[in-house]
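Read through the structure below, which is laid out as C-alpha cells, and then see the notes.
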Amino acid sequence: MTEPTIYELSSPGRVGVRYPQPDVPLAELPQDLVRKDLPLPELSELNVIRHFMHLSHLNYSIDSGFYPLGSCTMKYNPKINEEMARLPGFAYTHPLQPIETVQGNLALMYELQEYLKEITGFDAVTLQPAAGAQGEFTGVMIIRAYHKSRGDTKRTKILVPDSAHGTNPATSAMSGYEVVHIPSDSRGNVDIEALRTTCDDTVAGLMLTNPNTLGLFEEQVVEVNRIVHEAGGLVYGDGANLNALLGIARPADLGFDIMHINLHKTFSTPHGGGGPGSGPVAVKGAFKEFLPGPIVEVLEEGDEELPPVFGFYQPTQSIGRVKAFHGHFGMMVRAYTYISVHGADGLRKVSEYAVLNANYLLARMRGTYKVPYDRICKHEFVVEGVWDDAPGVHALDVAKRLMDYNFHPPTNYFPLIVREALMIEPTETETKQTLDRFADVMLKIAEEAHQQPELLREAPHSTPIGRLDEVKAAKELVLCCWLPEQVKN
Ligand SMILES: *Cc1c(COP(=O)(O)O)cnc(C)c1O
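At position 251 of the sequence shown (counting the first as 1) the number is 251 in UniProt numbering, and the numbers step up by one without a gap.
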C-alpha cells in the first residue's frame with residue numbers, strides 16, 4: 001500500500017499551528033487579495049513533519065552516503081562550520097548596519113582574504129562572487145578591463161583547452177570573446193605546439209584548470225603560462241581543483257594571474273541542494289585595482305590594547321559589482337572555520353589524502369576499466385564506462401546501476417575528450433573501507449555488464465522512480481507528484 005499524500009490526509013478544520021495574540025492593532029486584509037479557492041491541505045504539525053521528513057529521505061546527500069561526483073569535490077561538510085555560521089553575531093547581522101557594529105564580521109572577511117592569499121600566493125582577493133562560474137566571469141571581465149586600460153584593443157580571443165569545464169567557454173563567450181579551443185596531447189596536457197601557433201597579439205588570455213579535468217597535473221604549466229604571457233595575454237586559473245594543491249603548490253607561483261576559488265568545493269561549504277556557493281577571486285598585484293568592490297581592509301592598525309579597525313576599500317578601476325552587498329557571508333564563516341580548524345599542516349594533509357584516495361581507487365579499478373590517460377592522478381581520475389566486448393552498455397548504465405548499490409554516481413560524459421567518461425573524485429574525507437566497498441561494487445558492475453547487461457540497462461531498480469527520460473524530465477519539470485483535482489483542471 002502506498003502512503004497517503006498530505007492532500008489525502010487533509011481533514012477540514014484540522015490545525016497545525018496556532019498564531020500568538022498579535023501585538024499590533026488588527027487590520028482587515030483587502031478582500032481582493034484573499035484567495036478563497038486555494039485548496040491548501042489542513043493538517044496537524046505531525047502530518048507536516050512526517051511529510052517533509054519523508055521527502056528529505058528521498059534525497060541523496062554527502063551525510064547519507066559516498067558521493068564521488070568528479071569535479072564537484074563533494075567532501076564532508078563538518079558540522080562545526082554550521083555551528084559557527086549560526087552564532088547570532090554572524091547570523092543576525094544586516095549588510096546595511098553601520099560598520100562599527102559589525103567589526104567582527106569584517107575581521108572574519110579580512111582574515112579569510114588573508115588566508116586565501118597565503119594558500120594561493122596571490123596579492124588581493126574579492127569575496128563577492130557567488131560561485132565558481134561567477135568568479136570566472138569576474139576574472140575574464142578583469143582581463144578585458146586590463147587590456148582596455150592599456151589601449152590594447154585588438155585582443156578578441158580567449159583560449160580554452162578541449163578538456164575544460166563547460167563554464168570556461170561559456171564565460172569567455174558571455175564576456176564578449178571568441179573562444180578558441182586548444183587540443184590536449186597524448187599525456188592529457190595542453191598541446192604546447194598548438195598553443196604556440198595559436199598565441200598572437202589577438203589573444204586576450206588562456207583559461208586553464210590545474211590539475212585539469214582529467215585529474216592530471218599540467219606537466220608544463222610554467223611553460224604554458226610563459227607562452228601566453230610572451231604573446232601579451234593573461235592566464236586565468238580555474239581554481240575548482242585546488243583541493244589537490246593545498247600547502248603543496250601555489251597557483252600564483254605557477255604563473256597564473258587571476259583565479260577563482262570554490263569555497264563550496266575545497267573549503268567544505270555545502271553545495272548542490274545544500275546552500276549557495278561562494279567563488280572568491282584572487283589576483284596578482286597588477287590587477288588589484290580592477291577587482292569588484294568594496295573590499296574589506298584595515299583602516300587603523302591595532303596595538304596591544306586596541307583591535308584593528310576594519311572598513312572598506314573601493315578599487316579605483318573596478319569592473320563594478322558582481323553581487324549584491326558582500327557575497328554569501330554565511331559561506332565565508334564556514335570556510336573560515338574550516339581553514340582555522342585545519343591549520344596549515346591540516347590543509348596540506350587534506351590534499352595529500354585526497355590525492356592518495358584517488359590513486360588508491362584508480363589502482364583498484366585499472367585493468368577492469370580502461371584508463372585513457374594513465375598517469376599518477378591528483379584528486380580525481382577519469383575512466384571509460386564502456387567495454388568493446390560488452391556492446392550496448394554505456395557509462396550512463398554504469399552510473400545508474402551504482403544507485404542500486406546506494407552510491408551516488410560519478411560525473412559522466414565529462415570531460416568531453418574521453419569516450420563514455422566516468423569521472424571519479426573520492427575526496428579525502430572517505431575511509432579505506434568506503435573506498436574498498438565502492439571499488440568492489442565497480443568491479444561487480446563491470447562483471448554484470450558482461451554477464452547480465454540488462455541489469456545495467458534497466459537500472460536503477462531500487463529508487464522510488466526508475467530510469468527517467470532525462471531530457472524530458474528537464475524540459476517538462478514536474479516537482480509535484482500529486483495535485484488536488486481542482487488544481488489539475
Ligand atoms: C565546479 C567547477 C566550475 C564551476 O564552479 P561553480 O561553483 O559550480 O559555478 C568550473 N570549473 C570546474 C573545473 C569545476 O569543477
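Built from N, CA and C at the ideal position, the CB exists for glycine as well. Owing to the predicted nature of the structure, the values given are computational and were not obtained by experimental measurement.
DSSP places Y76 outside both helix and strand once states are collapsed to three, so it counts as coil. Relative to ligand 1, A240 has its C-beta within less than 8 Å of a heavy atom. In this structure, the beta-carbon distance from A145 to I319 falls below 9 Å. Using a Cβ distance threshold of 9 Å, A252 and A286 do not count as a contacting pair. With fewer than 16 neighbouring CB atoms inside 10 Å of its own CB, V478 falls in the exposed class. In the displayed model, K444 falls within a helix according to three-state DSSP. In the DSSP assignment, S184 is bridged to V190. Between E193 and R187, the alpha-carbon positions lie close to 14 Å from each other. In terms of CA proximity to H408, D63 leads the group P39, D63, S11. Counting every other CB atom within 10 Å of its CB across the protein chains shown gives T209 a total of 16 or more, marking it as buried.
Distance check between Q113 and each of E3, V298, L43 places V298 closest, using alpha-carbon atoms only. As computed with DSSP, I295 is found in a beta bridge with Y313. Annotation for L402: the continuous alpha helix (DSSP H) segment containing it runs 395-404. Look at T153 here: in three-state DSSP terms it is coil, with no helix or strand label.
Taking 8 Å as the cut-off, one finds no heavy atom of ligand 1 near enough to the beta carbon of Q317.
Residue pairing from DSSP places A421 in a beta bridge opposite E384.
Taking the C-beta atoms as reference points, E178 is found no nearer than 9 Å to K148. Secondary structure at R366: strand, using DSSP grouped into helix, strand and coil.
For the 9 Å CB-CB criterion, G215 and M442 do not form a contact. Between the alpha carbons of R155 and M207 lies a gap of roughly 15 Å. In the pairwise beta carbon analysis, the region 104-112 is classified as touching the region 83-95: at least three pairs are separated by under 8 Å. Excluding the 5 residues flanking it on each side, A335 has same chain C-beta neighbours closer than 6 Å at L263, F267, T269, in chain order. Exclusion of S11 from the 8 Å shell around ligand 1 follows from its C-beta lying no nearer than that to any non-hydrogen atom of the ligand. Between the C-alpha atoms of G330 and Y67 there is a straight-line separation of about 24 Å.
Excluding residues up to 5 positions away in sequence, F217, N241, A244, K378 lie with their Cβ nearer than 6 Å to the Cβ of P211 in the same chain. Take L58, set aside five residues on each side of it, and the residues of its chain with a beta-carbon closer than 8 Å to its own are P464, in chain order.
If you draw a straight line from the Cα of R348 to the Cα of A249, it is about 10 Å long.
Runs of the beta strand (DSSP E) spanning 3 or more residues and lying entirely within the UniProt domain "Aminotransferase class V" (144-272) occur at 157-161, 178-182, 203-209, 234-238, 258-260, in chain order. When the Cα atoms are used, A449 and H271 turn out to be separated by approximately 32 Å.
Between Y110 and the set L55, T126, V296, the nearest pair of CA atoms involves V296. In this structure V383 is in contact with M365, their Cβ atoms being roughly 6 Å apart against a cut-off of 8 Å.
In its chain, beyond the 5 residues on either side, I295, E297 have a beta carbon closer than 6 Å to the beta carbon of Y313. In summary, L306 is exposed, with fewer than 16 beta-carbon neighbours lying within 10 Å of its beta-carbon over all protein chains present. Here T427 is not near M84, since their CB atoms are 9 Å or more apart. The beta carbon of E430 sits closer than 7 Å to the beta carbons of F66, N357 from its chain, once the five residues preceding and following it are set aside; these are given in chain order. In terms of CA proximity to E223, G255 leads the group V203, G233, G239, G255.
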